[in-house]
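These notes concern the structure reproduced below.
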Amino acid sequence: MVNGALPQDLSATLVFESNGVNRLQQRIKELEHEKHSQKKHMKESRRKHVQLIKDRKVFESKVVEMEGQCNEMMVDKFGQPVDLEKLETIIVNRQIEELKEKLRLTEIQCSEEIKEWNEKIAEKKERITAKIKDNTNRLDQLCMLLNEKKEFEAHLDSRQKNSGEEFSGARKADIREKQRLIQLVQLQAQEIDALKEEIMLLSRKGGHILPPAQPPLPQSPPNMRTISN
Numbered sequence: 001m002v003n004g005a006l007p008q009d010l011s012a013t014l015v016f017e018s019n020g021v022n023r024l025q026q027r028i029k030e031l032e033h034e035k036h037s038q039k040k041h042m043k044e045s046r047r048k049h050v051q052l053i054k055d056r057k058v059f060e061s062k063v064v065e066m067e068g069q070c071n072e073m074m075v076d077k078f079g080q081p082v083d084l085e086k087l088e089t090i091i092v093n094r095q096i097e098e099l100k101e102k103l104r105l106t107e108i109q110c111s112e113e114i115k116e117w118n119e120k121i122a123e124k125k126e127r128i129t130a131k132i133k134d135n136t137n138r139l140d141q142l143c144m145l146l147n148e149k150k151e152f153e154a155h156l157d158s159r160q161k162n163s164g165e166e167f168s169g170a171r172k173a174d175i176r177e178k179q180r181l182i183q184l185v186q187l188q189a190q191e192i193d194a195l196k197e198e199i200m201l202l203s204r205k206g207g208h209i210l211p212p213a214q215p216p217l218p219q220s221p222p223n224m225r226t227i228s229n
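Counted from 1, the sequence shown has number 149 at position 149 by UniProt numbering; the numbering is strictly sequential.
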């Protein structure tokens, strides 16, 4: 409007609704406020950037100083500066090699122990086999003695029936011989029982067991005569 009235030529005029004009004015104010905030934020970011540059220079100088001290310490200890990365690699490799060597020694020790136990097991098996053979032989001897005992008893019974009073002395000698044979058979039976117990202990515990002592055989009376058919 010009002087409170509309101009006659409206061809170059842009017409807005009053609500639209109000919205545009409000948006202009918001953009100005946002522009002000962005300037403030940029100023703060520039200040932080400058401070970070200063801090970086300080840290770089500290790093240079610490590297110098580290080099001096390495020269004092090793005689020359040492690459720390290579040193760490060497230390790690050394630890790995030590673990490998420890594992190798452990495997050797386990192998030796297994070999030793295998030898002990083989020895125990040999002892058990020997005991079984010896026991078998003694059982055979026992059977033979029992058969001889039966033969002697039958022979003595026959002679006792057919002999008179004049052969009473001979019958007494035969009785003593019979008692000696019975005692011998009993001793052999005791020895076989002892062998059985030793075989059972050996198979259960695997202990070292010595063969049982051989009991003395009963001696025949000095005046015993030879029995003949």
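Backbone N, C-alpha and C define an ideal beta-carbon position, used for all residues, glycine too.
CA-to-CA distance, residue j to residue i, given in whole angstroms
i: Gly20; j: Gln51; result: 46 Å
i: Glu153; j: Lys178; result: 7 Å
i: Pro218; j: Ser158; result: Confidence in Pro218 is poor, its pLDDT being 44 and thus under 50, which makes the residue's placement unreliable; the coordinate value appears in the next sentence. Looking at the two C-alpha atoms, the distance is approximately 24 Å.
i: Ile53; j: Leu24; result: 43 Å
i: Leu139; j: Met200; result: 17 Å
i: residue 230; j: Gln69; result: Residue numbering for the chain in the displayed model covers 1 to 229; residue 230 lies beyond these limits and cannot be assessed.
i: Ser182; j: Arg127; result: The displayed chain sequence assigns Ile, not Ser, to residue 182. So the alpha carbons of these two residues sit roughly 31 Å apart.
i: Ile108; j: Glu116; result: 12 Å
i: Asn22; j: Ser37; result: 23 Å
i: His49; j: Gly79; result: 42 Å
i: Glu98; j: Arg104; result: 10 Å
i: residue 236; j: Lys149; result: There is no way to answer for residue 236, as the model of the chain reaches only from 1 to 229.
i: Arg47; j: Lys39; result: 12 Å
i: Met66; j: Ser45; result: 31 Å
i: Val58; j: Thr106; result: 54 Å
i: Ala122; j: Thr129; result: 10 Å
i: Lys102; j: Lys62; result: 43 Å
i: Thr136; j: Met144; result: 12 Å
i: Glu85; j: Ile114; result: 44 Å
i: Lys77; j: Asp55; result: 32 Å
i: Arg27; j: Glu17; result: 15 Å
i: His41; j: Val64; result: 34 Å
i: Ile96; j: Asn118; result: 33 Å
i: Arg94; j: Lys43; result: 55 Å
i: Glu166; j: Arg176; result: Any reading at Glu166 must be qualified, since the residue scores a pLDDT of 49, below 50, and its modelled position is unreliable; no value is offered.
Contact under 7 Å by Cβ, residue i with residue j
i: Val82; j: Met74; result: yes
i: Leu146; j: Asp174; result: no
Neighbourhood of residue i by C-beta distance below 8 Å, restricted to the same chain and skipping five residues each side
i: Leu142; result: Val185, Gln188, Ala189, Ile192
i: Asn71; result: Pro81
Spatial neighbours of residue i in its chain, beta-carbon cut-off 6 Å, leaving aside the 5 residues before and after
i: Lys29; result: none
Minimum C-alpha distance to residue i - residue among the options
i: Lys131; options: Lys77, Glu197, Asp55, Glu85; result: Glu197
Sequence-distant residues of its chain with Cβ nearer than 7 Å to residue i (five each side left out)
i: Lys100; result: none
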